[in-house]
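Take the sequence shown: its letter number 25 is residue 241 in this note's numbering, and every next letter is one higher. By construction, the Cβ of each residue, glycine as well, lies at the ideal position given by its N, Cα and C atoms. Keep in mind the model is a prediction, meaning the values are calculated, not measured. Here's the structure, in structure tokens; my notes come after.
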Amino acid sequence: MNKSDLTILLASPRGFCAGVDRAIEIVERALVKHGAPVYVRHEIVHNRYVVESLEQKGAVFVQELDQVPEGLPVIFSAHGVPKSVPAAAQARELLYFDATCPLVSKVHREAERHEKDGRQVILIGHAGHPEVIGTMGQLSDGSIVLVETEEDAENLIVEDPDNLAFVTQTTLSVDDTASIVKVLIRRFPNMLEPKKEDICYATTNRQEAVKAIATRCDALLVIGAPNSSNSKRLVEVAYKQGCEKAALVQRATDIKWDALNGVKTLGITAGASAPEILVEEVINAFKEHYNVSIEEINIRNENVVFKVPKTLLDTPTAKDIR
Numbered sequence: 217m218n219k220s221d222l223t224i225l226l227a228s229p230r231g232f233c234a235g236v237d238r239a240i241e242i243v244e245r246a247l248v249k250h251g252a253p254v255y256v257r258h259e260i261v262h263n264r265y266v267v268e269s270l271e272q273k274g275a276v277f278v279q280e281l282d283q284v285p286e287g288l289p290v291i292f293s294a295h296g297v298p299k300s301v302p303a304a305a306q307a308r309e310l311l312y313f314d315a316t317c318p319l320v321s322k323v324h325r326e327a328e329r330h331e332k333d334g335r336q337v338i339l340i341g342h343a344g345h346p347e348v349i350g351t352m353g354q355l356s357d358g359s360i361v362l363v364e365t366e367e368d369a370e371n372l373i374v375e376d377p378d379n380l381a382f383v384t385q386t387t388l389s390v391d392d393t394a395s396i397v398k399v400l401i402r403r404f405p406n407m408l409e410p411k412k413e414d415i416c417y418a419t420t421n422r423q424e425a426v427k428a429i430a431t432r433c434d435a436l437l438v439i440g441a442p443n444s445s446n447s448k449r450l451v452e453v454a455y456k457q458g459c460e461k462a463a464l465v466q467r468a469t470d471i472k473w474d475a476l477n478g479v480k481t482l483g484i485t486a487g488a489s490a491p492e493i494l495v496e497e498v499i500n501a502f503k504e505h506y507n508v509s510i511e512e513i514n515i516r517n518e519n520v521v522f523k524v525p526k527t528l529l530d531t532p533t534a535k536d537i538r
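In structure tokens form, the structure reads like this:
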């Protein structure tokens, strides 16, 4: 069979960020130190391959804390949790490890500081996302209000327009968030902004990398989970750059080959919770169908590292997922 030629533009940075690396490492080290099973409340990160790999090592994923048996360790996911969760763990005297991404924790502390100073907090984010639930759960009822769209921002009613501050979910579209902020600032010019942008470095970098390749691509695949906010935003970014054949795939088995007929240049990237092994899997699948040449487009080098809790630092860990 004669194979067609295909150029793959490989976006970089892509895949795992420092917060995801840290969260997975916390689970791995806890398993080594305490033995299986170790319980994890919610998916540690939004990726089935990662979750299933950790399950094979002895991690047990549950939805709520009351599913964790007495006397066994529990880990909170990278997305963060409401204050009620660690409080409930303490009440049961459970040993727990908090794998919340430090950049999410930064947003939590910002929101708490604003509430302490008497400001109402506006959170820009997506309803129902674990990170949003966790951030809203840091403050008392009525102290924080969620805004999802420009329309929400236009229609927002607040008690004191001169005593507001905003924070954002860390995995949003940079451009969409800027549009919402523009509306809020116009309506509430005295509203306090974060000293440093809340959208995380990895989200920003991956979106910029997609922008760098999307205009050159006939199609673009984002490797990531359907419940991964940052992965879905990458598809949206590619589409807005004019790449109408942009799609999310969890792994090679999800590729819709018929939809790629006639494609000469394909972009590939991965969301911040997708491991590089899945990128390699997708590329190898294309090599079976095409004569592939690969061009990696690197817009920025990342060297961010987040430390795991001190109580786990003396424990060795495997790196096979990462």
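Euclidean distance between Cα positions of residue i and residue j
| i | j | result |
| --- | --- | --- |
| V236 | A418 | 10 Å |
| T469 | N263 | 15 Å |
| T531 | V301 | 26 Å |
| R402 | R422 | 29 Å |
| I515 | L362 | 33 Å |
| V266 | Q466 | 11 Å |
| Q385 | V297 | 13 Å |
| F313 | E496 | 32 Å |
| D221 | V498 | 16 Å |
| K299 | E367 | 30 Å |
| V397 | A475 | 37 Å |
| I513 | I429 | 7 Å |
| H295 | K219 | 43 Å |
| P405 | G231 | 37 Å |
| L482 | A435 | 5 Å |
| C239 | P346 | A small correction: the amino acid at residue 239 is Ala; Cys does not occupy that position in the sequence shown. Roughly 15 Å separates the two Cα atoms. |
Reference residue i, options the options, closest by Cα
| i | options | result |
| --- | --- | --- |
| I349 | N371, D414, I373 and H324 | H324 |
| S447 | E496, E518, T485 and K526 | T485 |
| E390 | R402, L450, A252 and P442 | Note that residue 390 corresponds to Val in the displayed sequence, not to Glu. Considering only alpha carbons, the answer is L450. |
| V527 | L222, H250 and K427 | Here residue 527 is Thr; the residue named in the question, Val, does not match the sequence. Minimum Cα distance to T527 is reached at H250. |
| I360 | A441, G231, V374 and L226 | V374 |
| V254 | P289, L281, R403 and G358 | P289 |
| E328 | Q306, G344 and S356 | S356 |
| A227 | V426, L437, E496 and N507 | V426 |
| A343 | P318, L388, Q336 and D333 | L388 |
| D392 | G334, R432, I415 and L247 | I415 |
| V337 | E409, A315 and A294 | E409 |
| N546 | V521, L400, I224 and M407 | The question about residue 546 has no answer here: the residues shown for the chain are numbered 217 through 538. |
| L437 | Y455, D376, T420 and S445 | Y455 |
| A394 | N519, C433 and G341 | G341 |
| P229 | L529, N500, G487 and E504 | G487 |
Opposing strand residues paired with residue i [DSSP bridges]
| i | result |
| --- | --- |
| N500 | Note: N500 sits in no beta bridge, so no partner. |
| T527 | The partner list for T527 (beta bridge, DSSP) is empty, contrary to what the question assumes. |
| S540 | The structure shown does not extend to residue 540, since the chain spans only 217 to 538, so no value can be given for it. |
| D314 | F292 |
| V337 | I360 and A381 |
Residue-level contact to chain E via CB, residue i, 8 Å cutoff
| i | result |
| --- | --- |
| E367 | The displayed structure is made up of one protein chain only, and chain E is not part of it. |
To test your reading of the DSSP string, which unbroken beta strand (DSSP E) runs of 3 or more residues are found completely within the stretch 349-409? Listed in chain order, they are 360-363 and 380-384.
If you scan the stretch 226-292 from start to end, which runs of the alpha helix (DSSP H) of 4 or more residues do you find wholly inside it? Listed in chain order, the complete alpha helix (DSSP H) runs (minimum 4 residues) inside the stretch 226-292 are 234-250 and 264-273.
Hey, which unbroken runs of the beta strand (DSSP E) at 3 residues or more fall wholly within the stretch 427-506? At a cut-off of 3 residues, the continuous stretches assigned as beta strand (DSSP E) that sit fully inside the stretch 427-506 are 435-439, 462-465 and 481-486.
Quick check: the stretch 259-273 against the stretch 303-311, are there 3 or more CB pairs under 8 Å? Taking one beta carbon from each stretch, the stretch 259-273 and the stretch 303-311 have fewer than 3 pairs nearer than 8 Å; the two do not touch.
Inter-stretch contact at 8 Å, needing at least 3 Cβ pairs: the stretch 497-511 / the stretch 449-463: No contact exists between the stretch 497-511 and the stretch 449-463.
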